[in-house]
Amino acid sequence: MVYANGKPESLKAFRSRSPKRLTITIPYTVFAALEKRSAEEGRSLSNLAAYLLEQALQPQTPENP
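The numbering of the sequence shown is the numbering used here, which starts it at 223 and goes up by one.
Okay, here's the thing in structure tokens:
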């Protein structure tokens, strides 16, 4: 596979960047809140959970006073 920069990438490298699956156990109250919010936003439960995890892992910038 060759990308826009012209460098070939191995299939193994390509697969390592593909989305991964994860199974977790969460409290019922968290599940219910996720289910409610996903319905309100019109997105799947897994999409919302992935989005929230990504946001939680983003570096926080200090607020300007």
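We treat Cβ as the ideally placed atom computed from N, Cα and C, and that holds for glycine.
If you're wondering where the values come from, they're calculated on a predicted model, not measured in any experiment.
Through-space distance from residue j to residue i, alpha-carbon basis
| i | j | result |
| --- | --- | --- |
| Pro284 | Ala278 | 15 Å |
| Thr245 | Ala271 | 12 Å |
| Leu267 | Lys258 | 9 Å |
| Gln280 | Thr247 | 23 Å |
| Leu275 | Gln282 | 14 Å |
| Asn269 | Glu263 | 11 Å |
Residue i, buried or exposed, once every other Cβ within 10 Å from all chains shown has been counted against 16
| i | result |
| --- | --- |
| Ala261 | exposed |
| Ala255 | exposed |
Range of the contiguous alpha helix (DSSP H) that encloses residue i
| i | result |
| --- | --- |
| Thr341 | In the structure as shown, the chain starts at 223 and stops at 287, and residue 341 therefore has no counterpart that could be examined. |
| Glu276 | Leu267 to Leu279 |
Reduced DSSP category for residue i - H, G, I as helix; E, B as strand; rest coil
| i | result |
| --- | --- |
| Ser238 | helix |
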